[in-house]
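Using this note's numbering, you'd call the opening residue of the sequence shown number 2 and step up by one each time.
The C-beta atom is built at its ideal place from N, Cα and C for all residues, glycine as well.
Keep in mind it's a predicted model, so treat the numbers as computed, not measured.
In what follows, a single structure is set out as structure tokens and then discussed.
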Amino acid sequence: MVRIPFGIRQLDTTIDGGAPPGSVVLLSGEAGAGAREFMYTSPLITGLAKADPELFDLYYGDLPSGAELPEAVHYVSLTASEDQFRAEASRAFEDELFETGMEAVEYHDLSTTYFHVSPVPRQWYAERAPSIKDIRTRDDREELLTVLGNLLSENARNNLVVIDSLSDLISAVGDRADIEWADVTFFLKGLQKVAHEWNGLILTYLNFETISETRNGQLVDAADGTLKFEWASGGSTLARTMVVKQFRGVLSQLESEDIVRFETEFTDAGFDISDVRKIR
């Protein structure tokens with residue numbers, strides 16, 4: 002089966018090239034444990050393959066057997082402009098890697114839709130001052146989930162799409178008239194269903210510390226795969242680790258090799274795996 006690489010070489014080679022096409026993967030993590038760094042690295046390294054194959058070979062190497070790159074890369078943010086994203090993410094990567102990788106990443110800013118019915122002052126998220134028409138139609142607009150769904154329908158087929166983030170979407174539950182908790186789970190389940198027709202790879206970030214165990218379990222169940230990022234104690238030190246909590250078509254591969262946990266690190270070349278813990 003053809004796989005779509007995550008852009009994390011050691012992970013891709015361990016799971017036969019990457020994720021099965023049509024997967025929706027939840028990057029679920031504690032704050033600072035690596036999930037967000039994974040979310041930044043995947044589109045940048047994948048974009049690097051399109052923008053500069055020689056630089057991709059330097060930072061990633063040869064694609065694993067059976068891996069096939071997506072046709073395009075899209076990054077969707079609910080709260081941050083592209084300038085804001087670049088200012089934050091660029092500090093974590095080597096300059097050439099970041100700038101070249103971003104050349105092949107199409108950025109989508111949904112912050113105006115996200116903040117439109119919030120009490121946040123309009124000048125904080127919109128470039129121009131509100132007109133009388135804007136004020137009159139403040140509640141007469143497309144719902145956030147509709148806008149996000151239409152964007153995915155237009156751009157997700159055969160592509161890598163990163164949604165930043167599910168945590169932002171959940172934080173709006175109860176504060177917006179158009180989003181309830183059931184809408185979030187229905188959206189993720191619907192996305193999982195249609196993603197299998199699109200044959201791409203969709204990644205979305207979640208800080209699991211911000212929701213209850215029950216709600217976290219509902220989201221894990223609604224995704225094809227969940228990569229869990231957490232801090233692990235190693236005596237007097239802490240280590241960032243990643244566990245494949247569940248992943249259809251992938252978890253069996255790890256279990257056959259007795260792999261239980263990946264130790265991870267983050268360098269100026271992006272998220273990486275530093276060690277693999279096996280059952281002894």
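Where residue i sits in the DSSP three-state scheme
i	result
Asn1	One cannot answer for residue 1 here, as it falls past the ends of the chain, which runs 2 to 281.
Arg137	Annotation note: pLDDT 41 at Arg137 (below 50); position unreliable, coordinate value reported separately. Here Arg137 sits in helix by DSSP.
Leu189	helix
Ala1	The structure shown has nothing for residue 1, since the chain only spans 2 to 281.
Val261	strand
Val174	coil
Thr215	helix
Thr80	coil
Gly48	helix
Phe248	strand
Ser66	coil
Asp225	coil
Pro131	Reliability of the predicted coordinates at Pro131 is poor, the pLDDT of 48 falling under 50, and the value obtained from them is presented with this limitation in mind. Coil at Pro131, not helix or strand.
Arg142	Note on Arg142: pLDDT 42, under 50, position unreliable in the model; the coordinate value appears next. Coil.
Glu31	coil
Cβ-Cβ separation, residue j to residue i (assumed contact under 8 Å), whole Å
i	j	result
Arg87	Tyr206	Not a contact, Cβ separation roughly 18 Å.
Ala34	Trp232	5 Å
Leu76	Val195	A small correction: the amino acid at residue 76 is Tyr; Leu does not occupy that position in the sequence shown. Their Cβ separation, rounded to whole angstroms, is 20 Å, which puts Tyr76 and Val195 out of contact at 8 Å.
Ile46	Gly271	6 Å
Ser29	Phe267	Actually they do not touch by this definition, with Cβ atoms about 17 Å apart.
Ala183	Glu104	About 40 Å; that fails the 8 Å criterion.
Glu31	Glu210	6 Å
Asp169	Leu79	4 Å
Pro6	Ala68	5 Å
Leu161	Val74	5 Å
Ser43	Leu204	6 Å
Ala260	Leu12	Checking the sequence, you will find Ile at residue 260 rather than Ala. Incorrect: roughly 10 Å between the Cβ atoms, too far for contact.
Ile16	Leu192	The pair is not a contact, with the Cβ atoms about 22 Å apart (cut-off 8 Å).
Tyr41	Leu98	Wrong, their Cβ atoms sit about 11 Å apart, outside the cutoff.
Ile212	Ile180	Contact doesn't hold; Cβ gap of about 14 Å is too wide.
Residues bridged to residue i [DSSP beta-bridge criterion]
i	result
Trp199	Bridge partners of Trp199: none, in fact.
Asp273	Glu266
Thr242	Glu231, Glu264
Ser24	Leu202
Val4	Note that residue 4 is Arg in the sequence shown here, rather than Val. Answer is Ala68, bridged to Arg4.
Lys279	Ile260
Extent of the continuous beta strand (DSSP E) run through residue i
i	result
Gly150	Taken as a continuous stretch (DSSP letters only), Gly150 belongs to no beta strand (DSSP E), being part of the alpha helix (DSSP H) at 145-156.
Asp58	Asp58 -> not in any beta strand (DSSP E); alpha helix (DSSP H) instead, spanning 54-60.
Ile164	161-165
Element boundaries [alpha helix (DSSP H), containing residue i]
i	result
Arg10	10-15
Phe94	Run containing Phe94: none; DSSP gives neither H nor E here.
Below-8 Å beta-carbon distance, residue i vs any chain D residue
i	result
His109	No chain D is present in this structure, which holds just one protein chain.
Fill in: Start-end ranges of the beta strand (DSSP E) lying completely within the region 101-128, minimum 3 residues
Those beta strand (DSSP E) runs which fall completely within the region 101-128 and span 3+ residues are 106-110.
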